[in-house]
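With mature numbering (1 follows the signal peptide of the UniProt record, and there is no 0) applied, the sequence shown corresponds to residues -21 to -1, 1 to 122, in that order.
Step one of this worksheet: look at the structure below.
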Amino acid sequence: MLSKIKLATAALLLGALTACGGGDGDDFNSSFSKTITKNGVTYVCKSQSAANACENNNDCTACETSTPGVVITAQCVTGAGTVKATENGCIATISNAQQTSVCSGTALKMLTGIGHTKQKVIAEGATFSAGSVVLNGIKVSCS
């Protein structure tokens, strides 16, 4: 009877250890953490592959921002067929859709919808490296 209890305990312990440290070859390491700053946004990457993608390919989507930031609520300056985005970010309705825009360096970053932070728009938004884009006849550009 005692040996059956020992065997059951050993099996449970082995299962728990495998769940904590086993895997299918992914390089996730629960103790890995790398902080990377890009375009004024600080990312915390929890795996080596995520850190490599962020550093080498500017793909930081698998990393988290270390500070959530403030939600953008300012309205963009609009004129006849133009929308002027800002460095701090602003919102404009373009073709019946609300767009959040941020000027980051020389690039224009845009993310559909509202309730976004500057960090989120920079990390996840579409990038227009020329600093402007024309959407349905409306020119969106950095001011």
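Here a beta-carbon is modelled for each residue, glycine too, at the ideal position from N, C-alpha and C.
Quick caveat: nothing in here was measured; it's all calculated off a predicted structure.
- In the structure shown, A71 falls within a strand segment according to DSSP collapsed to helix, strand and coil.
- Close CB contacts of I117 within its chain, under the 8 Å cut and outside five residues either way in sequence, are with G60, T61, V62, I73, S74 (chain order).
- The three-state reading of DSSP puts I101 in helix, counting H, G and I together.
- Between the segment 33 to 48 and the segment 72 to 92 there are fewer than three C-beta pairs closer than 8 Å, too few to call the two in contact.
- Between A41 and A29, the alpha-carbon positions lie close to 6 Å from each other.
- Using a Cβ distance threshold of 8 Å, T57 and A71 count as a contacting pair.
- Judged by DSSP in its simplified three-state form, E66 adopts coil rather than helix or strand.
- With a threshold of 16 other beta carbon atoms within 10 Å, I93 falls short and is exposed.
- Nearest C-alpha to T65 among T14, I101, K17, S10: I101.
- With at least 16 other beta carbons inside 10 angstroms of its own, G104 counts as buried.
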